[in-house]
Amino acid sequence: MRTFYSEYVQHCMRFYTRHPHPTFRNDVDKLNWNACDAVMREFSDDNREIILSVYSDGDTVPDNVYKTAVARGIHQDTIWKLLNLLERKVAKRRHLI
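Position one of the sequence shown corresponds to residue -5 (my numbering), numbered consecutively onward.
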């Protein structure tokens, strides 16, 4: 089940993964990027790589989850649980929940 903040966090994560050293156009972009960065630092290197592979590819998130699961030989549910945890943590940091 998708949460009300899923699309927002996905947007933030796509920006974060595609712009490792961004120049910010406004304070909201900066707050979003910093929230993603802080949360990403909480994960292990392996989990960060999984998350980055899902959000940095240009395809849809479900398609990227599938591709990442196949490439790493892990179950898709493992990745979805990781992404749900990430979304919740970013949403909390941005005071969405």
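For glycine and all other residues, C-beta sits at the position ideal for the given N, C-alpha and C. Quick caveat: nothing in here was measured; it's all calculated off a predicted structure.
When Cys6, Leu79 and Lys75 are compared against Val22, the one with the closest alpha-carbon: Cys6
Trp27 versus Tyr49, Phe37 and Pro16, residue with shortest Cα-Cα distance: Pro16
CB contact flag (Val59, Ile68, <8 Å): no
His13 versus Ala85: straight-line alpha-carbon distance, rounded: 20 Å
Where Pro56 falls: helix, strand or coil (DSSP): helix
Buried/exposed call for Thr54, threshold 16 Cβ in 10 Å: exposed
7 Å Cβ shell around Ser0 - same chain, five flanking residues per side excluded: Glu81
Range covered by the alpha helix (DSSP H) that runs through Asn41: Asp39 to Ser50
Residue nearest to Thr11 in terms of C-alpha spacing, selected from Arg19, Thr(-3) and Glu43: Glu43
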